[in-house]
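A.B. asks: If you scroll down you'll find the structure; I have some questions about it.
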Amino acid sequence: MTTSDESERRVAEALQARASGAGRPGVARPQAPPALPAQRESGMSARMALLIALLAGAVLGVALALLSLLAPGLLPPLG
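The sequence shown begins at 1 in my numbering and counts up one residue at a time.
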């Protein structure tokens, strides 16, 4: 085995031991923190913003369609 292979093996073993918590008796492995409500609220606000944008687009589309049907020539032709 070459020197670089040996050092790579030692680094890999050290990283694996650190990840598993080996070598630290009496220390519990850290656990993932619970989900924060702020993350959920930001997800809900983004979802609400998308829903509002969708509804505003639908209202605008219906308004333009009604204008073009009820008052022909009011809107300029596109194309």
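Note that the Cβ used here is the ideal one computed from N, Cα and C, for glycine as well. Here the structure is a predicted model, which is why all the values come from computation and not from measurement.
In whole angstroms, what is the alpha-carbon distance linking Met44 and Leu51?
C.D. replies: 10 Å
A.B. asks: Tell me whether Leu75 sits in a helix, a strand or coil according to DSSP, three-state version.
C.D. replies: coil
A.B. asks: For Gln31, which three-state DSSP category applies?
C.D. replies: Coil.
A.B. asks: By how many angstroms is the C-alpha of Ala19 removed from the C-alpha of Thr3?
C.D. replies: 24 Å
A.B. asks: Assuming Leu67 and Leu78 make a contact with CB atoms under 8 Å, what is their CB distance in whole Å?
C.D. replies: Rounded, the Cβ-Cβ distance is 13 Å, inconsistent with contact.
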